[in-house]
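Chemist: Can you keep this structure in mind? I'll have questions shortly.
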Amino acid sequence: MKKQIIFIHGGNSFESYEDYFDSLKNSNPSVDWFIYRKKWIDNLYKKLSGEFEIFAPHMPNKQNAKYEEWKIWFEKIMPFIEDEVIFIGHSLGGIFLAKYLSENIYSKKINAIMLVAPPHTDTSGIGSFKLKKSLDRIAEQCSEIHLFQSTDDLVVPAGEAQLYKRDLPEIKLHIFEDRGHFNQESFPEIIKLIKAMD
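Printed below as a string of structure tokens:
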């Protein structure tokens with residue numbers, strides 16, 4: 005049986021519907037927001053789908069995400085997951101996994117959790133995804149914990165990685181200088197790390 009990866013994408017979250025509505029009205033998006041570009045999850049699938057079963061659920065309402073809605077949908081995946089799963093969360097997906105695993109006991113053995121540019125507390129736009137004080141349960145449930153952050157990220161400040169390190173000393177930080185918010189076509193470092201986990 006193939007090993008499994010669950011990838012949770014990012015999104016936006018707001019304190020209120022009014023904040024969300026104001027953001028829609030007042031944002032000034034560039035053309036890049038509307039043009040489809042390959043993402044590193046596409047490349048990850050291409051490179052690893054022979055060895056791994058890759059789940060990439062579309063989480064509910066990603067432009068106005070609510071933690072409880074994501075939690076419900078995430079738990080629908082559980083019956084299909086085996087031991088030694090690898091969780092990957094990008095941006096809001098990263099803080100979702102951190103919050104979920106710090107507040108809940110996952111029923112299967114987790115090989116690794118990989119957080120890519122996850123917000124912690126000093127970032128606006130996390131709404132109901134705010135972390136509780138203790139992240140100890142994450143370390144109790146995961147064999148390996150990795151966090152990827154770039155110092156030139158304009159969405160999630162680079163200092164957020166240090167807040168995770170403070171709250172979760174076991175975490176292995178992978179710091180880059182030129183990846184922005186990791187909206188790139190490939191991510192060879194994460195693929196190499198996953199392949200080395202055999």
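According to the numbering used here, the stretch in the sequence shown is residues 5 to 202, in order. Ideal Cβ positions, reconstructed from N, Cα and C, are used throughout, including at glycine. Source: prediction; values computed, not measured.
Consult DSSP for Ile-81 and reduce its assignment to one of helix, strand or coil.
Modeler: By one-based count along the sequence shown, residue 81 stands at place 77. Here Ile-81 sits in helix by DSSP.
Chemist: Between the C-alpha atoms of Asp-182 and Ser-154, what's the straight-line distance to the nearest angstrom?
Modeler: By one-based count along the sequence shown, residue 182 stands at place 178. By one-based count along the sequence shown, residue 154 stands at place 150. Each residue's Cα considered, the two are about 6 Å apart.
Chemist: Can you give the Cα-Cα distance for Lys-42 and Leu-172, rounded to whole angstroms?
Modeler: Translated into positions along the sequence shown, residue 42 becomes position 38. Translated into positions along the sequence shown, residue 172 becomes position 168. Roughly 32 Å separates the two Cα atoms.
Chemist: What does the alpha-carbon distance come out to for the pair Ala-200 and His-178?
Modeler: Start at 1 with the first residue of the sequence shown, and residue 200 comes out as number 196. Start at 1 with the first residue of the sequence shown, and residue 178 comes out as number 174. The straight-line gap from Cα to Cα measures roughly 15 Å.
Chemist: Which complete beta strand (DSSP E) runs does the stretch 51-124 hold, if anything under 3 residues is left out?
Modeler: List check, beta strand (DSSP E) in window: 56-59, 89-94, 114-120.
Chemist: Measuring CA to CA, which of Thr-125, Tyr-21, Lys-80, Leu-135 is closest to Ser-111?
Modeler: Counting from 1 along the sequence shown, the entry for residue 111 is found at position 107. Ranking Thr-125, Tyr-21, Lys-80, Leu-135 by Cα distance to Ser-111 puts Lys-80 first.
Chemist: In terms of alpha-carbon separation, which member of Pro-83, Pro-122, Ser-128, Lys-196 lies closest to Leu-101?
Modeler: If you number the sequence shown from 1, residue 101 lands on position 97. The candidate whose alpha carbon is nearest that of Leu-101 is Pro-122.
Chemist: Work out the CA separation of Ile-117 and Asn-30 for me, nearest whole Å.
Modeler: For the purposes of this step, residue 30 is identified with residue 26 of the sequence shown, where counting begins at 1. For the purposes of this step, residue 117 is identified with residue 113 of the sequence shown, where counting begins at 1. Each residue's alpha carbon lies about 35 Å from the other.
Chemist: Counting pairs of Cβ atoms below 8 Å between the stretch 54-71 and the stretch 11-24, do you hit three or more?
Modeler: They touch, by the three-pair rule.
Chemist: May I ask you to verify whether the stretch 130-147 touches the stretch 87-100, counting CB pairs closer than 8 Å and requiring at least 3?
Modeler: With a cut-off of 8 Å, the stretch 87-100 and the stretch 130-147 count as touching, because enough Cβ pairs lie within range.
Chemist: How far does the beta strand (DSSP E) with Glu-174 in it extend, from its first residue to its last?
Modeler: On the sequence shown, position 170 is the one that residue 174 refers to. Element bounds for Glu-174: n/a, residue is neither H nor E.
Chemist: From Leu-48 to Leu-167, what distance separates their C-alpha atoms?
Modeler: Taking the first residue of the sequence shown as position 1, residue 48 is located at position 44. Taking the first residue of the sequence shown as position 1, residue 167 is located at position 163. So the two alpha carbons sit approximately 28 Å from each other.
Chemist: Does DSSP put Ile-45 in a helix, in a strand, or in coil?
Modeler: Residue 45 sits at position 41 when you count from the first residue of the sequence shown. Ile-45: helix per DSSP, three-state reduction.
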